[in-house]
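Per my numbering, the sequence shown starts with residue 371, numbered consecutively.
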Amino acid sequence: MPAQDVLVAAQAIQKDISDLLGPPAEGLPAPSQSVVPQSIVRGTRGYIESVANQANGAYASGWYDACGVMVRRLVETLIIEAFECHGLATKITNAGGDFFYLGDLIDACLGEKTWNLSRNCKSAMRKLKDLGDKSAHSRRFVAHKGDLEPRLGDIRVVVQELVYLAGLK
Numbered sequence: 371m372p373a374q375d376v377l378v379a380a381q382a383i384q385k386d387i388s389d390l391l392g393p394p395a396e397g398l399p400a401p402s403q404s405v406v407p408q409s410i411v412r413g414t415r416g417y418i419e420s421v422a423n424q425a426n427g428a429y430a431s432g433w434y435d436a437c438g439v440m441v442r443r444l445v446e447t448l449i450i451e452a453f454e455c456h457g458l459a460t461k462i463t464n465a466g467g468d469f470f471y472l473g474d475l476i477d478a479c480l481g482e483k484t485w486n487l488s489r490n491c492k493s494a495m496r497k498l499k500d501l502g503d504k505s506a507h508s509r510r511f512v513a514h515k516g517d518l519e520p521r522l523g524d525i526r527v528v529v530q531e532l533v534y535l536a537g538l539k
């Protein structure tokens, strides 16, 4: 059998195996880091790294609503981490012990006197929430690359600042 035929057969077998098994249980690494640079979240918590990876992977695949939702989830998680790090979790929970929804979490984060967020972070948080809310909850909104692209700098500022505020780096 010629070497070219062996190569083609091996590639076909590899594709069949990949199709049969699918991705690993924990997912695949994103092909790029266009949304959240991995260097910002590496070494924080596994679930934070995973959500950032999913945001990156969704963006790289053109799944912009999924990316918006993952960014929203990442911001929500990091705000909670920041309050917990500073022993202030009771400020963002209701009487039943459940954490507030993102809008109230952002209000609490912006109003917290224990820290001082940068001007850029403050102005970006609500923009990211709006994009994530539309992607998650609006029946007729379908996010496009142009909805996310202008927010990439905001995402980095908010995520990086909250990672430091939460004592994760």
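Backbone N, C-alpha and C define an ideal beta-carbon position, used for all residues, glycine too.
Note that the structure is a prediction, hence the values are computed from the model and not measured.
Using the C-alpha atoms, what's the distance from residue j back to residue i?
i	j	result
residue 455	residue 471	19 Å
residue 514	residue 466	38 Å
residue 524	residue 423	17 Å
residue 421	residue 378	36 Å
residue 375	residue 381	10 Å
residue 479	residue 383	52 Å
residue 450	residue 529	12 Å
residue 410	residue 372	48 Å
residue 460	residue 492	22 Å
residue 501	residue 473	12 Å
residue 452	residue 414	12 Å
residue 468	residue 387	43 Å
residue 385	residue 408	28 Å
Give me the residue from the options with the minimum Cα distance to residue i.
i	options	result
residue 419	433, 527, 491 and 400	400
residue 427	489, 533 and 403	403
residue 503	460, 464, 478 and 442	442
residue 537	507, 439, 485 and 519	485
residue 446	429, 434, 457 and 477	477
residue 522	530, 406, 391 and 469	406
residue 488	520, 475 and 535	535
residue 509	435, 498 and 481	435
residue 516	432, 490 and 468	432
If you follow the alpha helix (DSSP H) that residue i is part of, which residue opens it and which one closes it?
i	result
residue 506	489-507
residue 521	Where residue 521 is concerned, there is no enclosing alpha helix (DSSP H), given that its DSSP letter is neither H nor E.
residue 385	373-391
residue 478	472-481
So, at 8 Å on beta carbons, what are the nonlocal neighbours of residue i in its own chain, with the 5 sequence-adjacent residues on each side left out?
i	result
residue 397	420, 423, 424 and 427
residue 531	487, 488 and 491
residue 416	none
Excluding the five sequence neighbours on either side, which residues of its own chain have a C-beta within less than 6 Å of the C-beta of residue i, listed in chain order?
i	result
residue 511	504
residue 429	404, 405 and 437
Mind listing, in chain order, the continuous alpha helix (DSSP H) runs of no fewer than 4 residues lying wholly within the segment 401-467? Runs of the alpha helix (DSSP H) inside the segment 401-467: 408-411, 416-431 and 434-455.
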